[in-house]
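Worksheet: one structure, shown below.
Chains as they are written, first to last, in my numbering: chain A, 64 to 382; chain B, 64 to 382.
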C-alpha cells in the first residue's frame, strides 16, 4: 500500500510516493500548465502521478490515497478551491473530486501553507513538539498553526493568515487592503520594494543604487547581500523587517503559545543574519514579567515540506 | 451523580452543583480568605462546597469530580498554581491535589479565563459554534481560544494572553513590561488611567474634571457614562479603546479564524456604545480583499460563566 503527496504551485507541480510510514520513495515534478481550463490542471496532476507510479512499477490500485496541497482559499470539506491567486483557472473548482475521479484513489485537499506546516511538524523542524507555528517568507507571508497537535483550520478554512496580522496600525498599505500588515514590511517582495522606495526617494549613499540602476529592480536577496557587506540603507530595511517579524513572534506567543516558531520560504536563504535579527527583535519586545523560552528556528525540509505534509495528512485520514 | 464547579477569585469563591448534563442545581459563594497560608484557601473551598452539598442533601461521595477555575499562571498537568496575582498565598501550590485530598472527589484545575471561556462556549454566547475566541475586559484583558472545538492551552498552559498582543509597538507601557499591549489601552483600569492622564495634562474642557476633583480618581464607568453624555474628552478615550479592540479582533481573525469573538467582564456593562464601537473599528481595519462575517458579541452567562465552565470541563474529563 502506498500514498501520494502532491504540491501544486503556479509554476510547478511536485509529486512523491510514500510508504504508510510516510517515507518518501521517489519524487518527480512537471510544469503547471498555464491555462484557463481547470481540467488541464487535473490532467497534469494525474499524468505526473501516473508516470511516477509507472517508473516505480506501482499500480495505481495500490495507492490508498493522495494528499494534495494547493494555493487557497478553499473549502476543505467540499474539496473546493475557491480562488488561487497564481492559478487563475482554479475558481470555485472541485479539484479534489476531479483528481480523484480521474486517477482513482480518494484525494484529501489542503491549503499549501498548511501542508508544508504539517510536513515540518511531522518530519521536520517541529517533529519533537505538539504546539508549533509555521511562517513562510516568500512573495507574501503565509502561515500555519498547530495547537493540541492538530492543524487549526478556522471556521472557513482560512486560519493562519499570519502575514496579515496588523503590526503598525495606519502603516504601509498591504495588497490585502489593510494598513500595516506584517507582510507589508517583511515578505521578500516587500523588502525589495521598500529598499527601492528608499533608494529612489533618498539621497543616502547605498551600494544598492548601482544595482537598481543596472537592473531597474531589486530583490530581497540583493538587500540581504548588501546589508551583509555593510551597506547602511540595506541594513535599515533588513532591521525593519526583522523587527516586524520579532513583533509578530511576540503576538503569536501570546495567542497560542507554541513551543517553536518555524520560518520557511525562499527568504530563509538569507541565513543567520535573518534568524538572529528575528530572535533579537523578539527579545527586545517580549514582556519582562517572566522569561520566555520560545524557540525560533528555520524549517528543515526545504521544498519537499509540501509533498511530505500532504502525504502525511492523507495517511492520517486514510490509514 | 453530581459535579461541582468552583470559581476562585481574589475577593470571592463561588461554587455550584451540577447534573451530569451540566445543569446548575444550586450555587453559593463565600469570601476568599485574605491570608498568606494556602491551606486556608483549601479549607475555604472545601467548606463552601460541603455546605452547598449539605444544603442540597447530597453526600460528597455522590460527587464524581470538581472543576476548579483559579487565577494563573499554572501547570495544569500537575494541578499546580504557579502564581496568582490577586491571591499571593498561591505560589507553586498544588491546589488541585490539596482540595481533592481534603474533599474526596478528583479535582480538575483550569485557568479562570479558560474556564469562563469554556462556559460561554458550551452553554452561553458560543454554544452554536466550534471556533471561538473569548476576551474578558476587566482590570486586565484575559482571553481564551477554542480551536477544533477544544481549548488551546499552549505549550506551558499560557496561551490566550490576548491582552498582551502588541497593537502599537513602542506605545504605552503595560504592567507586563511590554509597550503598546492591547491591555494598556483598553482594559477597564487603563481606560480610567488614560482619562485621568489626559484630564490632568490637558486644558481641554471635560465633565470628567469635576468627578476627578471630587473623588481623586476615575473609573471606566465614569468614562463611558460621560462619553454617553457627550463629553468629547471621554469619547476620545472610548474611541481609542474600541479602536484597539477592533484591531485586536482583526489580528485574532487572521490567526485562528473564529466564527465568533465573545467579549466578557465588567466593562461590557457599558453596553451598545462599546460593542458598536468595536464592530465599527473592526470594519475600518479589516482587509478589503474579501468580506468577513466574523460575529463580535457579548457574553451571556454573566458571572456564572466560570463555575459553569469549570463544571463542564470536569464532566468531560470524568464522565
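The beta-carbon is built from N, C-alpha and C at its ideal position, and this holds for glycine as well. Owing to the predicted nature of the structure, the values given are computational and were not obtained by experimental measurement.
*Contact list for the region 235–249 of chain B against chain A, Cβ threshold 7 Å*: Per Cβ criterion, the list reads 239, 240 and 241.
*Between which two residues does the beta strand (DSSP E) containing residue 80 of chain A stretch?*
Taken as a continuous stretch (DSSP letters only), the beta strand (DSSP E) holding residue 80 of chain A covers 75–81.
_Can you list, in chain order, the residues of its chain with a C-beta nearer than 7 Å to that of residue 231 of chain B? Leave out the 5 residues immediately preceding and following it._
If you ignore the 5 residues before and after residue 231 of chain B, its C-beta comes within less than 7 Å of the C-beta of 243, all in its own chain and listed in chain order.
_Once DSSP output is grouped into helix, strand and coil, what is the label at residue 244 of chain A?_
Three-state DSSP puts residue 244 of chain A in a strand.
_DSSP beta-bridge partners of residue 70 of chain A_ = Bridge partners of residue 70 of chain A: A:77 and A:132.
*asked:* Can you tell me which residues form a DSSP beta bridge with residue 367 of chain B?
replied: In DSSP, residue 367 of chain B forms no bridge with anything.
*asked:* Check this for me: beta carbons of residue 152 of chain A and residue 99 of chain A, under 8 Å apart or not?
replied: Taking 8 Å as the Cβ cut-off, residue 152 of chain A and residue 99 of chain A qualify as a contacting pair.
*At least one CB of chain A closer than 8 Å to the CB of residue 202 of chain B: is that the case?*
Cβ-Cβ to chain A under 8 Å: no for residue 202 of chain B.
*With 8 Å set as the bound, which would you pick, yes or no: does the beta-carbon of residue 97 of chain B sit closer than that to a beta-carbon of chain A?*
With 8 Å as the cut-off, residue 97 of chain B does not count as an interface residue toward chain A.
*Return no unless some Cβ of chain B is closer than 8 Å to the Cβ of residue 179 of chain A.*
Closer than 8 Å: no.
*Under a Cβ-count criterion, where at least 16 other Cβ atoms within 10 Å of its own Cβ denotes burial, should residue 278 of chain B be classed as buried or exposed?*
The residue in question, residue 278 of chain B, is exposed, as its Cβ has fewer than 16 Cβ neighbours within 10 Å.
*Terminal residues of the continuous beta strand (DSSP E) containing residue 195 of chain A?*
195–200 is the extent of the beta strand (DSSP E) around residue 195 of chain A.
*Compare the C-alpha of residue 284 of chain B against each of B:308, B:259 and B:70 and name the closest.*
Per the Cα distances, B:259.
*Are the C-beta of residue 267 of chain A and some C-beta of chain B separated by less than 8 Å?*
So no, residue 267 of chain A is outside the interface.
*Quick one: list the residues of chain A neighbouring residue 366 of chain B, beta-carbon separation under 7 Å, in chain order.*
The contacting residues do not exist; residue 366 of chain B stays about 25 Å from chain A at best.
*Going by Cα to Cα distance, which pick from B:365, B:338, B:201 and B:197 is closest to residue 323 of chain B?*
The option with the nearest alpha carbon to residue 323 of chain B is B:197.
_For a test of the three-state rule: what should DSSP assign to residue 146 of chain A, helix, strand or coil?_
In the displayed model, residue 146 of chain A falls within a strand according to three-state DSSP.
*Within this structure, are the beta carbons of residue 225 of chain A and residue 131 of chain A separated by less than 8 Å?*
No, Cβ-Cβ distance for residue 225 of chain A and residue 131 of chain A is not below 8 Å.
*Between which two residues does the alpha helix (DSSP H) carrying residue 315 of chain A extend?*
Its alpha helix (DSSP H) spans residues 295–319.
_Length of the line joining the Cα atoms of residue 161 of chain B and residue 160 of chain A_ = Counting only the Cα atoms, residue 160 of chain A lies some 55 Å from residue 161 of chain B.
_At the 8 Å Cβ level, is residue 348 of chain A part of the contact set with chain B, yes or no?_
True, the Cβ-Cβ gap to chain B drops below 8 Å.
*With a cut-off of 8 Å, does the C-beta of residue 322 of chain B fall near any C-beta of chain A?*
With 8 Å as the cut-off, residue 322 of chain B counts as an interface residue toward chain A.
*Can you give the Cα-Cα distance for residue 158 of chain B and residue 256 of chain B, rounded to whole angstroms?*
Rounded to the nearest whole angstrom, the C-alpha separation of residue 158 of chain B and residue 256 of chain B is 34 Å.
*Among B:304, B:93 and B:166, nearest to residue 342 of chain B - alpha-carbon criterion*: Nearest to residue 342 of chain B by alpha-carbon distance, out of B:304, B:93 and B:166, is B:304.
*Round the Cβ separation of residue 76 of chain B and residue 107 of chain B to the nearest angstrom and send it over; I've been treating them as touching at under 8 Å.*
Separation of the CB atoms of residue 76 of chain B and residue 107 of chain B is rounded to 6 Å, and the pair is thereby assigned contact status at 8 Å.
*Quick one: grab the DSSP three-state call for residue 189 of chain B.*
Looking at residue 189 of chain B - three-state DSSP - the assignment turns out to be coil, as it is neither helix nor strand.
*For residue 336 of chain B, which three-state DSSP category applies?*
Note: residue 336 of chain B maps to helix in three-state DSSP.
*Would residue 94 of chain B be called buried (16 or more neighbouring beta carbons within 10 Å of its own) or exposed?*
That one is exposed.
_Could you check whether the Cβ of residue 460 of chain A sits closer than 8 Å to any Cβ belonging to chain B?_
Residue 460 of chain A is absent from the model: chain A starts at 64 and stops at 382.
_residue 43 of chain A and residue 145 of chain A closer than 8 Å at C-beta_ = Residue 43 of chain A lies beyond the stretch modelled for chain A, which goes from 64 to 382, so this question has no answer here.
*asked:* To the nearest angstrom, how far is the alpha carbon of residue 325 of chain A from that of residue 362 of chain A?
replied: Each residue's Cα considered, the two are about 6 Å apart.
*Which two residues bound the contiguous alpha helix (DSSP H) that contains residue 254 of chain B?*
First-last of the alpha helix (DSSP H) with residue 254 of chain B: 251–264.
_Distance, residue 249 of chain A Cα to residue 280 of chain A Cα_ = The alpha-carbon atoms of residue 280 of chain A and residue 249 of chain A are separated by roughly 18 Å.
*Apart from the five residues just before and just after residue 320 of chain B, which ones in its own chain have a Cβ nearer than 7 Å to its Cβ?*
Non-local beta-carbon contacts of residue 320 of chain B in its own chain, meaning distances under 7 Å to residues more than five positions away in sequence, involve 194 in chain order.
*Which class does residue 94 of chain A belong to by DSSP, given the choice of helix, strand or coil?*
Residue 94 of chain A falls in the strand class under three-state DSSP.
*To the nearest whole angstrom, what separates the beta carbons of residue 206 of chain A and residue 223 of chain A, a pair I think is in contact under 8 Å?*
With 8 Å as the limit, residue 206 of chain A and residue 223 of chain A qualify as a contact, their Cβ atoms being about 4 Å apart.
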